[in-house]
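Residue numbers (the working numbering), protein chains in the order written: chain Y, 1159 to 1466; chain S, 1159 to 1466; chain G, 1159 to 1466; chain L, 1159 to 1466. By construction, the Cβ of each residue, glycine as well, lies at the ideal position given by its N, Cα and C atoms.
Protein chains: 4
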Amino acid sequence: MPLITTSSKGVFVIAVTPFTDDGAIDTASIDSVTDFYLESGADGLTILGMMGEAPKLTQSEALAVTAQTLARASDTPVVVGVSGPGLAALGELTRAVMDMGAAGVMVAPPTGLRTNEQIIAYYAQVVQTIGSDVPVVLQDFPLVTNVPISIDTLGQIIEAHPSIVMLKHEDWPGLAKISQLRQAEAKGRRRISILCGNGGIFLPEEMARGADGAMTGFGYPEMMVQVCQLAAAGNQDRAQDIFDAYLPLVRYEQQPGVGLGVRKYVLAKRGVIASAAQRLPGAPLPPAGVAEVERLLARQSRRLHELN
Amino acid sequence: MPLITTSSKGVFVIAVTPFTDDGAIDTASIDSVTDFYLESGADGLTILGMMGEAPKLTQSEALAVTAQTLARASDTPVVVGVSGPGLAALGELTRAVMDMGAAGVMVAPPTGLRTNEQIIAYYAQVVQTIGSDVPVVLQDFPLVTNVPISIDTLGQIIEAHPSIVMLKHEDWPGLAKISQLRQAEAKGRRRISILCGNGGIFLPEEMARGADGAMTGFGYPEMMVQVCQLAAAGNQDRAQDIFDAYLPLVRYEQQPGVGLGVRKYVLAKRGVIASAAQRLPGAPLPPAGVAEVERLLARQSRRLHELN
Amino acid sequence: MPLITTSSKGVFVIAVTPFTDDGAIDTASIDSVTDFYLESGADGLTILGMMGEAPKLTQSEALAVTAQTLARASDTPVVVGVSGPGLAALGELTRAVMDMGAAGVMVAPPTGLRTNEQIIAYYAQVVQTIGSDVPVVLQDFPLVTNVPISIDTLGQIIEAHPSIVMLKHEDWPGLAKISQLRQAEAKGRRRISILCGNGGIFLPEEMARGADGAMTGFGYPEMMVQVCQLAAAGNQDRAQDIFDAYLPLVRYEQQPGVGLGVRKYVLAKRGVIASAAQRLPGAPLPPAGVAEVERLLARQSRRLHELN
Amino acid sequence: MPLITTSSKGVFVIAVTPFTDDGAIDTASIDSVTDFYLESGADGLTILGMMGEAPKLTQSEALAVTAQTLARASDTPVVVGVSGPGLAALGELTRAVMDMGAAGVMVAPPTGLRTNEQIIAYYAQVVQTIGSDVPVVLQDFPLVTNVPISIDTLGQIIEAHPSIVMLKHEDWPGLAKISQLRQAEAKGRRRISILCGNGGIFLPEEMARGADGAMTGFGYPEMMVQVCQLAAAGNQDRAQDIFDAYLPLVRYEQQPGVGLGVRKYVLAKRGVIASAAQRLPGAPLPPAGVAEVERLLARQSRRLHELN
């Protein structure tokens, strides 16, 4: 199975975990949503992320979802989120998913780390625990983790651990961070892959600043694929035209606590998953939200038609 | 001078405070930016807000900016932000600006309040300190204050204090909050004015949910005026067309810590203020940001041309 | 096996999880530390708490520790901490430990809950998930969870869920909370058991305010047993004499991030566990700390001798 | 008037601001409490700190309190807290109090700084704003500011700005920080004065680790004076005997949000200030708290009698 490397690029879609209306894992939809992501042009998948409702799964469910997704994704690399409060469980989960064929693991700093020294020490302990042969994605998402990682701290971690091959960049604001990372590389630091998150809401600018792609979710992953491909090909204006057509929905999906309901609503409407249900405490999109999304979808469809 | 009431509506622009390149207050630009906001169709102004760099002013500067703005704005209502850690200073500033002719004062909860009881007690102390005859805007902005105000808590505060006539709504996500407030009013609670913030990034949906307008800033305040007027007139689609044309820039200006640099860059470019300078620790828009903004402005101009 | 009830009282010791120097679970020490707690006069035990390094255990380790402790504790009630980010895992763990014979489960609110409504909804979902026949300890520890629970919110939760039989009280400051809970009960609300935490640093005052005992850890659990028994017998002054003799060490053990190292050092020195080792990222007490603790222990021993 | 230096040591008492029962500043009590602190053996005073209710004063009140205290303290150095959200106001206040004869100013990082780079930049801006000739106390109090300052960050700030002559140390836990600072100095970094806070609850250990004294408040400042003098003279055991006698009250006064009520109650009972009143939102010690404090005071008196 393929491993992620510092050269990985393109779109790694953060996959949703489909549930039935009564809260069970919907295994049929795992296959269909995996197929959908690959058919949309995804270069990879990331499962068991925060937006994949990973913390709501039991350990055996998490392993089952991983096994099924890996089987279905076949040769496409699948990154598995293993973040958690304890290193022993993180190590156990990492070994399990790497044995199954995962392309790497993603690790966010646990809430509660407070200083640069603590953050640096944490990633050293992670690498020591899982071994330096497992490719790691460092997830930098302070809005949720409440752990801001300064550019200097990030640099020290990258320099210390060659097995950290990729940054899931979702600091906010974060455009300057991409530029500063690339400038440090221009001066000699080893290059890492940077895939961006935050639902893609700054994707055109992020690509122009030197990102290698996106690692995030959206009801229309084909938007991210097109924008990344057009940007990589130097066609910035066309990339932004596509992006702008989807932007009203991207923006709407970015609402914390509401976004996953929007995303699953769209995916269910598109027939990709059987139900938009989330496990508790997630709530379905309320009727007023449904009306707002439907209105945005109708406008989006017209706008895309004008573009073609 | 006019006072704000529970019937106030439209766009109250959060005014920037103009500085010269060496950090002094630029009094000539205070007049020109005030004129610009009024000519753009603003129904009111709000000064000494967080995005007005109020905490960076000395007390005497704050009073001077208020006096000059009030004189220039003439009959247009001007709300003054008086939030601060202490009630004595808040009371002193409130008395001073109301004597000068302010239309009301805006008060956010101080960082550090933790429970509903504490938030409720705080607003009781505020009203007791400034008197129940001063119209108050309650600023609900948990992303910055770190004080989430639940819908039930908000309701108790509104019921207890008739002098709180307006909500500056910038909870995020916050669409459901608008709907719930209006539902409670439909069942008998007194109606208050709701003006929305967050740079207007959900303005079309907010208006449809029952907001009375916007109280926020943006380099193109005429967008907010048009969207609010079209929405109030029931022309939702045209409102959204206008909104969508500006959305790429709205989104870009929403970056925390970067947004004010964008806004001042645009206002300076439009000739409304002489310099985009911010006081420390604010930083000017860096060259890469300038290039991104210029690109967005060129696209925005083309898009608006297509719409007309 | 006994279940906890609203009448439970006395000292439930928060048990440490013993590890060997190389980080494996030290099963021999689990037996010896369990025996030690019971011989010290504990009325119950609480395992898999934050100070029991629960988040550092894998799921199978957590279950093994639980099974062994339950077997060794025999008829003494053992509460098991099941807090975690997801309800499915919480439910699975609860079922497993209740089947093994646990006396109840302890649940802290997950970091990220922000309003009274969210906290209330969370405990409703917990009770719905685990069933209303499982006795629950609500852990109120905002210093760590970052979720302050107001007295009114706490009251609503208690009224809604009879299966929440006990409060692990470690709000800080929290003396008024105990008084207010007891006052509400005097006016008719059902009584719950209140056991106090925070390393016992306010134990004499907490007992006088109406607490039923302590649920916390300390290198000398016999102090908590004596203080609770003396206080319950009305001998406040003798209780405080005992407390004061241990207070310099209680205070020293209260240092966040350092306390567990102190506690394990003392327990290892007393021969109760074989090693003071913690799993990463926990660090052993450094030499300067060892010297400080030894000095406090020598003084404590002299002071206790004077008291007898 | 004397300035603080890197050699300053002993006890700088954090002074309370006395109010009358109706919330006015009690100028007579300012003189009497100043006299009391000096007669208790204080080596300096610190006014307008967080526990001095500084944020509750208007600007003119803050200046009046400063002028009166400086006049009364005569040759004793008085540090003035100038922390605030904006640099312009901080600079203005600093100039005013230094002109009046203050010994230096104390600056805590504003809530909202998130990374080491931001903290380092902030202190550079502070020194640039107030001038490098004004002695600065860096207040490191993350429990309140929510800005943890790592040991490495602290070192960079100290090395960059010789005018930062003193650390008000109240990180928690913080014993290791004192040791690490002194170790860095032993290797060549310039020495700074370290005075410790946190109500003195770790004062014996802090002195043994290399602190130069205390900068904090307590109802019995003579305890801090004795402990610091005995510790400086190498009489650790006697220092700890004195400390232990006061420890039950020190502990009680450490309760956040309650502590100032305790301290003012004790000072009023001792006749040092006329009223224990705090300005809103501060609340007086409730009757149950008064009873607890009286009980502790009676025991403390007996214990001190035994010691002499």
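What does E1450 of chain L reach in chain G if we use C-beta pairs closer than 7 Å? E1363
Classification of R1348 of chain S by the beta-carbon crowding that lies within 10 angstroms, buried from 16 upward: exposed
Rounding to the nearest angstrom, what Cα-Cα distance links I1322 of chain S and L1339 of chain S in this structure? 14 Å
Within 8 Å, strictly: CB atoms of A1261 of chain Y and P1235 of chain Y: yes
Between which two residues does the beta strand (DSSP E) harbouring H1327 of chain G extend? 1322-1327
Going by beta carbon distance, what residues of the same chain come within less than 8 Å of R1409 of chain G, once the five residues before and after it are set aside? I1359
Just mark Q1413 of chain G as buried or exposed, buried being the case when its beta carbon has 16 or more other beta carbons within 10 Å. buried
Within 8 Å, strictly: CB atoms of V1383 of chain L and G1199 of chain L: yes
Using a Cβ distance threshold of 8 Å, determine whether the segment 1371-1378 of chain S contacts the segment 1166-1183 of chain S, with at least three qualifying pairs required. yes
Name the residue from Y:E1197, Y:I1183, Y:K1427 whose alpha carbon lies nearest to the alpha carbon of E1219 of chain Y. Y:I1183
Going by the beta-carbon positions, is the gap between G1368 of chain L and A1342 of chain L smaller than 8 Å? no
Can you check DSSP and say which residues form a bridge with V1238 of chain S? S:I1205, S:V1263
Verify the CB distance criterion: does E1250 of chain Y have a CB-CB separation below 8 Å to chain G? yes
Please report whether the beta-carbon of Y1195 of chain S lies at a distance below 8 Å from any beta-carbon of chain L. no
Coil, strand or helix - Q1398 of chain G by DSSP: helix
If you reduce the DSSP assignment to three classes, tell me which class I1316 of chain G lands in. helix
For G1447 of chain L, which of helix, strand or coil comes out of DSSP? helix
Reference V1284 of chain Y; option with closest CA among G:K1214, G:E1450, G:V1285: G:K1214
Since M1373 of chain L is in the beta strand (DSSP E), which residue starts that stretch and which ends it? 1371-1374
If I measure Cβ to Cβ from T1178 of chain S and keep anything under 8 Å in the same chain, skipping five residues before and after, which residues do I get? D1184, A1432, S1433, A1435
Would you mind reading off the limits of the beta strand (DSSP E) that contains S1351 of chain L? 1351-1354
For T1311 of chain S, does the three-state DSSP call read helix, strand or coil? helix
D1402 of chain G: contacting residues in chain L (beta-carbon distance under 7 Å): P1406
For the putative contact between T1227 of chain G and L1203 of chain G, defined by C-beta atoms under 8 Å, what is the C-beta separation to the nearest angstrom? 7 Å
Give me the chain Y residues within the contact set of Y1280 of chain G, using Cβ-Cβ distance strictly less than 8 Å, ordered along the chain. P1439
According to the Cβ coordinates, are V1420 of chain Y and L1438 of chain Y closer than 8 Å? no
Between the segment 1232-1244 of chain G and chain Y, which residues of the former have CB atoms less than 8 Å from a CB of the latter, in chain order? G1242, P1243, G1244
What does K1214 of chain Y reach in chain A if we use C-beta pairs closer than 7 Å? No chain A appears in the structure shown, which is made up of the protein chains Y, S, G and L.
Proximal residues of chain G, C-beta to C-beta of Q1217 of chain L below 8 Å: Chain G residues near Q1217 of chain L: none, gap ~31 Å exceeds 8 Å.
Indicate whether at least one CB of chain G lies closer than 8 Å to the CB of V1416 of chain L. yes
CB of F1401 of chain G within 8 Å of CB of G1355 of chain G, strictly: no
Does the distance from the C-beta atom of V1223 of chain S to that of V1430 of chain S stay below 8 Å? no
At 7 Å on the CB atoms, spell out the chain G contacts of T1269 of chain Y, in chain order. T1269
Check the Cβ of S1308 of chain S against every Cβ in chain G and list those closer than 9 Å, keeping chain order. R1272, T1273, N1274, E1275, Q1276
Where Q1283 of chain L meets chain S, residues with beta-carbon distance less than 9 Å: L1438, P1439
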